[in-house]
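In terms of our numbering, the sequence shown opens at residue 63 and continues consecutively.
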Amino acid sequence: MRILAIETSCDETAAAVVEDGRVVHSSVVSSQVDTHARFGGVVPEVAGRAHLELLTPVVEEALAAGDTKPAGLAAVAATVGPGLIGSLLVGVSAAKAYSLAWGVPFVGVNHLEGHLHAAFIEDPDLALPAVVLLVSGGHTMLIHMLSDGRYRLLGQTIDDAAGEAFDKVARYLGLGYPGGPAIDRLAREGDAAAIAFPRGLRGEGYDFSFSGLKTSVVNHVNRHPEVATPDVAASFQEAVVDVLVEKTRRAAAHVGARSICIGGGVAANSALRERITSAAHADGRAAFVPSRAMCTDNAAMMGATAWYRLRKDGPTPLDAAADPNLRLPFEN
Ligand code: KG4
Ligand code: ZN
């Protein structure tokens with residue numbers, strides 16, 4: 063069963079052909095990073111227009127690279143939320159139009175559920191229950207995944223998302239956009255113990271807070287203009303990774319998780335990938351760290367989720383709307 067999946071929730075125009083939720087025949091991601099870099103962040107209006115221009119060629123490329131004709135498709139899926147409404151609408155409208163034109167079902171998919179399923183494409187045998195740390199530009203959540211489709215929210219950020227903190231600090235340090243990869247690179251040349259930045263909400267439950275850390279970086283650089291930027295980058299990253307790893311580890315012990323998994327753009331961070339793996343192994347748990355391409359936004363993870371949702375819930379009605387604030391179907 064092949065599904066064409068479309069992802070346009072933020073600034074990546076992506077399409078993929080995925081068979082039975084596991085076999086990725088093609089995954090095309092056209093990033094708008096260069097378009098938005100000169101503005102220092104994603105400009106929603108610009109993103110929507112760029113999706114309009116890029117979507118048709120990206121879908122055609124995904125079908126061609128996946129050696130798939132419309133007649134060979136069982137469904138067309140699109141991310142319906144959460145995300146930027148103008149961006150979501152482009153993918154959702156296109157998927158509905160393809161569904162009508164080709165006479166196949168439409169499946170609306172939750173972007174966050176896509177990030178949760180990303181790991182299973184690369185490791186179908188991932189042991190459940192798992193604790194998943196979902197860290198992206200818009201979200202920071204600790205999720206208890208009991209079984210496929212059954213999630214409990216353990217904690218989330220009370221202010222900035224982890225990726226947002228990376229982007230804001232990078233912008234302040236003049237490292238450009240997107241900030242995560244820039245800080246990741248620069249941190250390798252710095253001393254992570256150089257500056258003792260605060261660890262927000264350390265030791266308190268499973269919620270996160272990063273806005274105090276961001277302010278602290280700004281104050282430190284203002285007070286010590288001579289400070290070496292790589293040291294600031296490394297110390298900032300260390301503070302973020304410390305809390306992320308500490309809380310994930312504690313949550314996994316608390317719920318008796320068999321494995322720990324990470325997802326979302328920040329899961330591409332080198333320090334987080336290393337630290338979470340060694341922490342899990344030290345505690346006798348399996349760790350799953352998806353490839354970087356599977357951590358950042360892509361349509362393959364949406365195709366995997368669509369296959370699961372289609373079997374569980376059936377097709378999505380064509381009058382279903384895109385929802386910029388869509389939540390995960392948590393049990394709590
Ligand atoms: O999941 P994603 O591609 O898009 C959203 O759904 O938000 O995540 C993008 C975020 C950005 O904030 C970006 O700076 C961050 O992920 N990111 C990283 C790294 N690569 C991307 N953060 C830290 N280290 C990285 N290597
Ligand atoms: Zn994402």
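Think of the CB as a built atom: it goes at the ideal place given N, C-alpha and C, for glycine as much as any other residue.
Small disclaimer: the values here were computed from a predicted structure and weren't measured.
Exercise. Tell me, which residues are paired with residue 357 by DSSP?
Worked result: Its beta-bridge partners do not exist; DSSP assigns none.
Exercise. In the DSSP assignment, what are the bridge partners of residue 206?
Worked result: For residue 206, which the question treats as bridged, DSSP gives the partners 193 and 214.
Exercise. Which first and last residues belong to the alpha helix (DSSP H) in which residue 110 is found?
Worked result: 106–127 is the extent of the alpha helix (DSSP H) around residue 110.
Exercise. Apart from the five residues on each side of it in sequence, which residues of its chain come closer than 6 angstroms, Cβ to Cβ, to residue 140?
Worked result: Once the five neighbours on either side are set aside, the close Cβ partners of residue 140 are 68, 153, 154 and 157.
For this session: Tell me whether residue 135 sits in a helix, a strand or coil according to DSSP, three-state version.
Result: DSSP places residue 135 in strand when its eight states are reduced to three.
Exercise. Would DSSP call residue 392 helix, strand or coil?
Worked result: Assignment of residue 392 by DSSP, reduced to helix, strand and coil, places it in the strand class.
Problem set entry | Bridge-paired residues (DSSP) for residue 147 | Answer is none; residue 147 lacks a bridge partner.
Exercise. How would you write the range of the beta strand (DSSP E) that residue 350 sits in, first residue to last?
Worked result: Looking at the DSSP string, the run of the beta strand (DSSP E) that includes residue 350 is 348–350.
Exercise. Bridge partners of residue 171, per DSSP?
Worked result: For residue 171, the pairing in a beta bridge is given by DSSP as 141.
Problem set entry | Nonlocal neighbours in the same chain, by C-beta distance under 8 angstroms from residue 146, ignoring five residues either side | Around residue 146: 71, 72, 104, 106, 109, 110 and 386.
Exercise. Roughly how many angstroms separate the alpha carbons of residue 87 and residue 372, rounded to a whole number?
Worked result: Cα to Cα, residue 87 sits roughly 19 angstroms from residue 372.
Exercise. Skipping 5 residues on each side, what residues in its chain have a beta carbon closer than 7 angstroms to that of residue 354?
Worked result: Cβ neighbours of residue 354 beyond the five flanking positions: 330.
Exercise. Comparing the C-beta of residue 79 with each C-beta of chain C, is any distance below 8 angstroms?
Worked result: Absent from the structure is chain C; it holds one protein chain and no more.
Exercise. Beta strand (DSSP E) containing residue 66: first to last residue?
Worked result: Annotation for residue 66: the continuous beta strand (DSSP E) segment containing it runs 64–69.
Exercise. Straight-line CA distance for residue 172 to residue 220?
Worked result: Straight-line Cα distance between these residues: approximately 21 angstroms.
Exercise. Is it true that the region 252–268 meets the region 290–300, where meeting means three or more beta-carbon pairs spaced less than 8 angstroms apart?
Worked result: These segments touch.
Exercise. Do you know how far the Cα of residue 125 is from the Cα of residue 132?
Worked result: Taking the straight line joining both Cα atoms gives about 8 angstroms.
Exercise. In whole angstroms, what separates the C-alpha of residue 210 from that of residue 356?
Worked result: About 18 angstroms.
Exercise. Excluding the five sequence neighbours on either side, which residues of its own chain have a C-beta within less than 7 angstroms of the C-beta of residue 97, listed in chain order?
Worked result: Exclusion of the five residues before and after residue 97 leaves 108 and 112 as the residues of its chain whose Cβ lies within less than 7 angstroms of its Cβ.
For this session: At 4 residues or longer, and completely inside the region 205–285: list those alpha helix (DSSP H) runs for me, N to C.
Result: Segments of the alpha helix (DSSP H) lying fully in the region 205–285: 224–234, 241–249 and 273–285.
For this session: Compute the beta-carbon to beta-carbon distance between residue 34 and residue 239, rounded to the nearest angstrom, for a pair I have assumed lies under 8 angstroms.
Result: Within the shown structure, residues of the chain are numbered from 63 to 394, placing residue 34 beyond reach of any answer.
Problem set entry | residue 101 CB to nearest heavy atom of the ligand KG4 below 7 angstroms | It does not: the Cβ of residue 101 is nowhere closer than 7 angstroms to a heavy atom of the ligand KG4.
Exercise. What's the gap between the Cα of residue 231 and the Cα of residue 360?
Worked result: Going by the C-alpha atoms only, they are around 25 angstroms apart.
Exercise. Are the beta-carbon atoms belonging to residue 78 and residue 93 less than 8 angstroms from one another?
Worked result: No, Cβ-Cβ distance for residue 78 and residue 93 is not below 8 angstroms.
Exercise. Sorry if obvious, but does the Cβ on residue 326 come closer than 7 angstroms to a heavy atom of the ligand ZN?
Worked result: It does: the Cβ of residue 326 is within 7 angstroms (strictly closer) of some heavy atom of the ligand ZN.
Problem set entry | Through-space distance from residue 241 to residue 284, alpha-carbon basis | The straight-line gap separating the alpha-carbon atoms of residue 284 and residue 241 is approximately 20 angstroms.
Exercise. For residue 201, which of helix, strand or coil comes out of DSSP?
Worked result: DSSP places residue 201 in coil when its eight states are reduced to three.
For this session: Indicate whether the contact test is met: 3 or more Cβ pairs, each with one atom in the region 332–340 and one in the region 293–312, closer than 8 angstroms.
Result: Here the region 332–340 makes contact with the region 293–312; the two share three or more CB pairs at distances below 8 angstroms.
Problem set entry | Counted within 10 angstroms of its Cβ, other Cβ atoms place residue 101 as buried (16 or more) or exposed | The residue in question, residue 101, is exposed, as its Cβ has fewer than 16 Cβ neighbours within 10 Å.
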